[in-house]
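Engineer: There's a structure below that I have some questions on.
Numbering (the numbering used here), first residue to last: 44 to 141.
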């Protein structure tokens, strides 16, 4: 019985945690050639969370909804950084030009 209660508590906490995330997705491209930019860093300024674009310049990044007022940065050597508030990038597909 105790195991069942513990399992129910874990499932409830997991469901609550899933409701507290925001998805950021997009494609990073070269502003002139429109070619994808692979392996660009995508991260929240001042936080230890981030990801990188794949070979096609695409990324999907799930962040805590508490970061909505923080700054998303996309950077790669040889390009200027891209900066935007997380809330402006949330839920939609973004095309980011560097």
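C-beta atoms are modelled at their ideal positions from N, C-alpha and C, and glycine is treated no differently.
Predicted model, so just to flag it, every value in this text is computed and none were measured.
Excluding sequence positions up to five away, which residues of its chain have a Cβ less than 8 Å from the Cβ of residue 134?
Structural biologist: Excluding positions up to five away in sequence, the list reads 65 and 66.
Engineer: Please say whether residue 126 and residue 110 have beta carbons closer to each other than 8 Å?
Structural biologist: No. Outside cutoff.
Engineer: Please state if the CB of residue 116 and the CB of residue 34 are separated by a distance shorter than 8 Å.
Structural biologist: This structure cannot speak to residue 34, because the chain is shown only from 44 to 141.
Engineer: If you compare alpha carbons, which of 119, 113 and 86 is closest to residue 140?
Structural biologist: Checking every option, the nearest Cα to that of residue 140 belongs to 119.
Engineer: From the DSSP output, in three-state form, read off residue 130 for me.
Structural biologist: In this structure, residue 130 counts as helix in the three-state DSSP scheme.
Engineer: Can you list, in chain order, the residues of its chain whose CB lies under 7 Å from that of residue 78, leaving out five sequence neighbours each side?
Structural biologist: 72.
Engineer: Among residues of its own chain, excluding the 5 on either side of residue 92, which ones have a beta-carbon nearer than 7 Å to its beta-carbon?
Structural biologist: Contacts found: 86 and 106.
Engineer: If you count every other CB in all the chains shown that lies within 10 Å of the CB of residue 80, and 16 or more means buried, which is it?
Structural biologist: Residue 80 comes out buried.
Engineer: Assign residue 129 to buried or exposed, taking buried as 16 or more other Cβ atoms, counted over all protein chains shown, within 10 Å of its Cβ.
Structural biologist: Its Cβ being crowded by 16 or more others within 10 Å, residue 129 is buried.
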